Amino acid sequence: MASFNKVILMGNLTRDPQVRYTPRGSAVAEIGLAVNRTWFDKQTNSRKEEVTFIDVTLWGRDAEVAGEYLSKGRPVLIEGRLQLDSWDDKETGQKRSKLRVVGESMTMLGSRGDGGGGGGGGNRGNYNSGKSSGGGGGGDSDFSGGSSSGSDFDDGPQGIPDDEVPF
């Protein structure tokens, strides 16, 4: 039987990305994502909100971009897959497990200065790793922070050296 493992999340970073490198030089970033769900409770006649905190792992260029341009509070869209990590707890001897999201595509959301700005290039706008999950566009990036259309890219990204452009 066929299976399908796809996750799409939009939320805000709960902390600055933690970037490290494997012995072979691949970047790995760990980020925390807060995803809000709101609904109207008819019994109490009030709006309710639930926040889910999710650990996300990014690899390669997405990890590098996250480390350089993302900061706590920044809105981001992650496409990826679920992965179950399991280990033996050394203190209790019990088997432990945790679900995490392995990001396969990351898009920075918001306009310049949204989500707390932050250090370095925190005002970069949107970034898409260029991995297409179907359809035609795939690798378009919106550095203006607005909607994505062909005319947004005529002048190129402002203030970013050509060797820093992720495509």
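At position 17 of the sequence shown the residue is numbered 19 (my numbering), and the sequence of numbers has no breaks. Using N, Cα and C, we set each Cβ at its ideal position, and we do this for glycine too. Quantities reported herein were computed from a predicted structural model and do not represent experimental measurements.
- If you draw a straight line from the Cα of Val-58 to the Cα of Lys-74, it comes to about 14 Å.
- Inclusion of Ala-31 and Ala-68 in the CB contact set at 9 Å is warranted, their separation being smaller than that value.
- Taking a contact as a CB-CB distance under 8 Å, the pair Lys-97 and Asp-90 counts as one, their CB atoms being some 6 Å apart.
- For Tyr-23, the pairing in a beta bridge is given by DSSP as Ala-29.
- Bounds of any alpha helix (DSSP H) do not take in Gly-13; it lies within the beta strand (DSSP E) bounded by 9-15.
- Annotation for Tyr-23: Ala-29, Val-30 place their beta carbon closer than 8 Å to its own, counting only its chain and skipping 5 residues before and after.
- Counting along the chain, the unbroken alpha helix (DSSP H) around Asp-64 starts and ends at 62-71.
- A straight line joining the alpha-carbon of Leu-72 with that of Arg-102 spans about 19 Å.
- With a threshold of 16 other beta carbon atoms within 10 Å, Gly-62 falls short and is exposed.
- At a Cβ-Cβ threshold of 9 Å, Val-104 and Leu-15 do not count as neighbours.
- Cα atoms of Lys-8 and Ile-56: separation of roughly 15 Å, rounded to the nearest angstrom.
- Excluding the 5 residues flanking it on each side, Gln-20 has same chain C-beta neighbours closer than 7 Å at Ala-31, Glu-32, in chain order.
- When only Cα atoms are considered, Asp-43 and Ala-36 end up about 22 Å apart.
- Per DSSP, Glu-93 is not a residue of any beta strand (DSSP E), being assigned neither H nor E.
- Here the alpha carbon of Thr-46 sits roughly 17 Å from the alpha carbon of Arg-39.
- Here Leu-60 is buried, its C-beta having at least 16 other C-beta atoms within 10 Å.
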